[in-house]
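Residue numbers (our numbering), protein chains in the order written: chain A, 1 to 515; chain B, 1001 to 1515. From the three backbone atoms N, C-alpha and C, an ideal C-beta is built for every residue, glycine too.
2 protein chains.
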Amino acid sequence: MNGAESLLRSLVDGGVELCITNPGTSEMHFVAALDRVPGMRAVLGLQENVVTGAADGYGRMRDQPASTLLHLGPGLANGLANLHNARRARTPIVNVIGDHATTHRHLDAPLTSDVEAVAAPFSHWVRTSMSSRAVGRDAAEAIAASRSHPGRIASLILPADTSWNEPGVPAKAIAVPEAPMPPAETIERIAARMAEGASPVMLLSGRALREGALELASAIAEATGARLLTNTFFSRLERGGDRVAIDRLPYFTEQAVDKIADATDLVLVHTAAPVGFFAYPDKPSIIADPKTCISTLAEPEEDAEGALRALADALGIRGVKPGGHGSRAELPGRPTGGLDPMTLAAAVASTLPEQAIVVDESTTGGLFLLGATASAPPHDWLSLTGGAIGMGMPVATGAALACPDRRVLNVESDGSAMYTIQSLWTQAREALDVTTVILSNGSYAILNMELARTGAAPSKEAERLFDLGHPDLDFVAMAKGMGVPGVRVEDAESLTRALEASYSVPGPQLIEAVL
Amino acid sequence: MNGAESLLRSLVDGGVELCITNPGTSEMHFVAALDRVPGMRAVLGLQENVVTGAADGYGRMRDQPASTLLHLGPGLANGLANLHNARRARTPIVNVIGDHATTHRHLDAPLTSDVEAVAAPFSHWVRTSMSSRAVGRDAAEAIAASRSHPGRIASLILPADTSWNEPGVPAKAIAVPEAPMPPAETIERIAARMAEGASPVMLLSGRALREGALELASAIAEATGARLLTNTFFSRLERGGDRVAIDRLPYFTEQAVDKIADATDLVLVHTAAPVGFFAYPDKPSIIADPKTCISTLAEPEEDAEGALRALADALGIRGVKPGGHGSRAELPGRPTGGLDPMTLAAAVASTLPEQAIVVDESTTGGLFLLGATASAPPHDWLSLTGGAIGMGMPVATGAALACPDRRVLNVESDGSAMYTIQSLWTQAREALDVTTVILSNGSYAILNMELARTGAAPSKEAERLFDLGHPDLDFVAMAKGMGVPGVRVEDAESLTRALEASYSVPGPQLIEAVL
């Protein structure tokens, strides 16, 4: 058995069942070994930011790592932006990055680069395997690193000769410790403050946005008068139906400041204290009022649900029951008339299938989406955690690979869509149940807002650079070019019908919604 | 004047006339300042690997840097692969990378990353401006670094507050020293060896592939019996018409070894000693025979043409005259029949316009292109210097921005095209005279060859992962989606006619050639 086969066997033994890849010459022995190792599904992406983004979507839904297989420094580089998002989402991912043979690296052949240095800024764990014998063990350690609660980016660099040389020695999976509980005194102190705080806010993110944790948080909120909020961006929120309805911190700094200005206490669960997405001249960067007492119930590495349960216990709360927490907001009816952010939101909300996975990279056009869908059937919501645009279509691809029996709805702004439009081909090849709604407003609309907010002078050049018309993008044509059927809609009824039609047939579908 | 305006004024003063960009919130003040500073053209790319690749194409044709404007670490990360190629091409580029305000960076907002660490592996020069007052001077130093002969990647990181704060202080351009000559004893020693060497080979790359340097090399070859070769991949070769015809080192290691096996001397001009593009089990990595005497006439940082002139002088060669060096190969006639690599090459060669710029990312399908076009009218040839695929369409875009009065022909393999297909939109918006020929064989054909060469077992999974069909890619539809007219051709006559038609009208055109 060569090193590549030992790597694959170690990955499968460690529970890694999916490898998303764009391989090259240095990865050939890994690719060939796929035939000999059952239990690993390989999926091709046409550009590496599709690959890493799909691994992010898969990991968010499964809480298990997929692996990527990338071609040297440049192949890795192409996928870094979505690794950045995955790192912010704390998604488990095992990157396997082929490199030149150990005997070849010092020769500075054209594709040579310092792969470890390329990986480091967006990885929690980086290692280069130096012999075929080491590969299996290194893979097991990479998997364990990626699964450290709640999830990490582990990058294993595989020189070509460690892949083709014998012997490879598969390694058994390394047990990963459970997420630790926060110290008891932390819970006691927060319980004491919350019992007394006139107006506490709990800010939740990460694993605190799963159904069980939210029920505990909701019981705590009821008992203490605390308000619950999610971070502006989060990896995955379980919502809809009977689940706890929770508001989120607004994107714009000044609105976020207002939202929690009266909080006496800010209790953080799986998130740091909120800061502005960007800095602006003469605007604050820190969201919480200086007088607010900020404390952390659970760091992202700790057990959020356990911490919330302990806090509920400390507050004397008994009988937290599942269900019955649903939003009291009425589900919007089927919209009529023109397409705008409000009718778009109503179209999505009034048709959303049970157990849908919504991947939201909707920027300005999707302003009302989250509110409108609060009373929709149970579903998951995945958002842009790291601000690197181009995550939506790949994450939707990966979520569909993770959950083949659920419909994925990707609401995607046009500018962001163009970053990773190649995702559509993988959706077509793998016959994934992804409905992509492109919000086509022909501009980087958010940047027109940001221009004013940064205090920069109005500018003709800015108008030209934020304009995506001239020529107009035709997403239906691009989808056709990649084997995905598409339709263009210009009014709310057509969008609603197109959504329903897409949900009723298997496979991917693109809807270009002209806003 | 704020920091951003001082930066722009310093760039323009330093001869930087083009800024290719995908900006975001942290770059707003730079964008707004474009209105106030004449002399800078701004061009939008829809993904950053288009931006950096276009800067590469521009720099290769102008020998002057364009600037990029990129959005924090992830925006830079998206463009790294084509910076890798540009670094290998030794193209001058000034990257301007927006970052969070200096007051905001420590807060670890979602888009935060270590931008210097992201830039470093693919830059020769990295600096973060720390105040508005420093920006102008830093920009002048970045330009000077980028123009260090023959060209470097300079990455200037611009925290948002250094951009919006006052005062900005524009800086005058810093003079860049001429490329130094190699030491006199180097020239004497090589002259002595070449005068005696039974069979010397001169391997040329970089600036040694320009018309004047090649004429000198040709005269030296005639006088000494030396053979001339280019590197397999090069930034820009001036060829065709009366210019020196020069063969190139083959891509496959064993063929390259054969090609120079009998060389007593290998004289390197603007290149390192050749090595295999990849390592393979039981194949050599070093191309030159161990008995060959290897010497460097001019390092890439030195003056290639000056060194060749000095060598000619030392060899007593007089009267090197321009012209009359053209290939004696006959230009192929207009091809008929089916499309294959041979008829493709004939179609290109028989129609190539005078002063065309050929951007070659043709991989397997373009095997005969360089040979067939040896006797075509004068033209420039740009190739994939760093092996990071997805360079062709962006480099073609940048070459057209650099040389608006010349036709750019981009011969592009289908797999590579999908990496940076977004380039088409910029070509349409800027009405660039680019003809793109997609070599559509529905596979990563090179990888099927490489699989066998690496000694990996034949593999069904490999077949599936190297296949670009299922579904087929329709490049004409994708081009339409981005505003570029396209046509699909399946025989040699149609391709020839489509090429001529594209050359006869301004603006971009895509031809999908089914191989």
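From residue i to residue j, what does the alpha carbon distance come to, in whole angstroms?
i	j	result
alanine 1513/B	aspartate 1491/B	8 angstroms
tyrosine 58/A	glutamine 64/A	8 angstroms
threonine 1224/B	asparagine 1231/B	20 angstroms
histidine 1270/B	alanine 1066/B	23 angstroms
valine 16/A	tyrosine 1503/B	52 angstroms
alanine 226/A	glutamate 412/A	34 angstroms
phenylalanine 1598/B	leucine 216/A	The question about residue 1598/B has no answer, for chain B in this structure spans 1001 to 1515.
proline 1377/B	threonine 1264/B	34 angstroms
lysine 480/A	leucine 424/A	9 angstroms
leucine 69/A	glutamate 141/A	17 angstroms
isoleucine 511/A	threonine 363/A	17 angstroms
methionine 342/A	serine 459/A	29 angstroms
alanine 1248/B	leucine 1229/B	Here residue 1248/B turns out to be arginine, not alanine, going by the sequence shown. Each residue's Cα considered, the two are about 5 angstroms apart.
glutamate 1005/B	tryptophan 1381/B	37 angstroms
alanine 1175/B	alanine 1145/B	10 angstroms
valine 1244/B	serine 1350/B	19 angstroms
asparagine 2/A	methionine 28/A	12 angstroms
valine 476/A	leucine 44/A	22 angstroms
proline 995/B	valine 1201/B	Chain B is shown from 1001 up to 1515; residue 995/B falls before or after that span and cannot be answered.
serine 199/A	glutamate 305/A	22 angstroms
alanine 279/A	glycine 1024/B	13 angstroms
aspartate 1161/B	glutamate 361/A	28 angstroms
leucine 204/A	valine 267/A	8 angstroms
Apply the 10 Å Cβ neighbour rule to residue i and answer buried if 16 or more other Cβ atoms are within range, or exposed otherwise.
i	result
valine 1505/B	exposed
threonine 103/A	exposed
threonine 1336/B	exposed
histidine 1470/B	exposed
aspartate 1262/B	exposed
glycine 240/A	buried
glutamate 298/A	Note that residue 298/A corresponds to alanine in the displayed sequence, not to glutamate. Buried, since its Cβ has 16 or more Cβ neighbours within 10 Å.
proline 1300/B	buried
arginine 41/A	exposed
Grouping DSSP H, G and I as helix and E and B as strand, with all else coil, what is residue i?
i	result
histidine 104/A	coil
glutamine 1509/B	strand
proline 200/A	strand
serine 1327/B	coil
arginine 1207/B	helix
proline 65/A	coil
aspartate 313/A	helix
serine 1155/B	strand
serine 1504/B	helix
glutamate 215/A	helix
glycine 483/A	coil
glutamate 238/A	strand
asparagine 2/A	coil
Answer yes or no: does any C-beta atom of chain E fall closer than 8 angstroms to that of residue i?
i	result
aspartate 1161/B	No chain E is present in this structure, whose protein chains are A and B.
### Query
Which residues, in chain order, does the segment 406-423 of chain A contribute to contact with chain B at a C-beta distance below 9 angstroms?
Gly415, Met418, Tyr419, Thr420, Ile421 and Gln422
### Query
When the Cβ atoms of the segment 244-262 of chain A are set against those of the segment 274-285 of chain A, are three or more pairs found closer than 8 angstroms?
yes
### Query
So does the segment 1313-1321 of chain B actually touch the segment 1163-1181 of chain B, counting three or more Cβ pairs closer than 8 angstroms?
no
### Task
Note down, in chain order, all residues in the segment 163-174 of chain A with a beta-carbon under 7 angstroms from any beta-carbon belonging to chain B.
Trp164
### Task
Name, going along the chain, the residues of the segment 1292-1307 of chain B whose beta-carbon falls closer than 9 angstroms to a beta-carbon of chain A.
none
### Query
Is it true that the segment 379-394 of chain A meets the segment 414-431 of chain A, where meeting means three or more beta-carbon pairs spaced less than 8 angstroms apart?
yes
#### Entry: the segment 1136-1143 of chain B / the segment 103-114 of chain A touching (three or more Cβ pairs under 8 angstroms)
no
### Task
Would you check if there are 3 or more beta carbon pairs closer than 8 angstroms linking the segment 1421-1435 of chain B to the segment 1476-1487 of chain B?
yes
### Message
Please identify, using Cβ separations under 9 angstroms, the residues of the segment 279-290 of chain A that lie next to chain B, in order along the chain.
### Response
Ala279, Tyr280, Pro281, Ser285 and Ile286
### Task
Could you run through the segment 1363-1386 of chain B and flag, in chain order, every residue whose CB is less than 9 angstroms away from some CB of chain A?
Leu1384, Thr1385 and Gly1386
### Query
Per the contact definition of three or more C-beta pairs closer than 8 angstroms, is the segment 1083-1091 of chain B in contact with the segment 1141-1156 of chain B?
yes
### Query
Which residues, in order along the segment 265-279 of chain A, keep a beta-carbon less than 8 angstroms from a beta-carbon of chain B?
Ala272, Val275, Gly276, Phe277, Phe278 and Ala279
### Task
Residues of the segment 242-261 of chain A with a CB closer than 7 angstroms to any CB of chain B: list them in chain order, please.
none
### Task
Would you check if there are 3 or more beta carbon pairs closer than 8 angstroms linking the segment 32-51 of chain A to the segment 71-80 of chain A?
yes
### Message
At a CB distance below 9 angstroms, what residues from the segment 477-508 of chain A approach chain B? Give them in sequence order.
### Response
Ala477, Met478, Ala479, Lys480, Gly481, Met482, Gly483 and Val484
### Message
Counting only Cβ-Cβ distances shorter than 8 angstroms, please list the residues of the segment 18-32 of chain A near chain B, keeping chain order.
### Response
Thr21, Pro23, Gly24, Thr25, Ser26, Met28, His29, Val31 and Ala32
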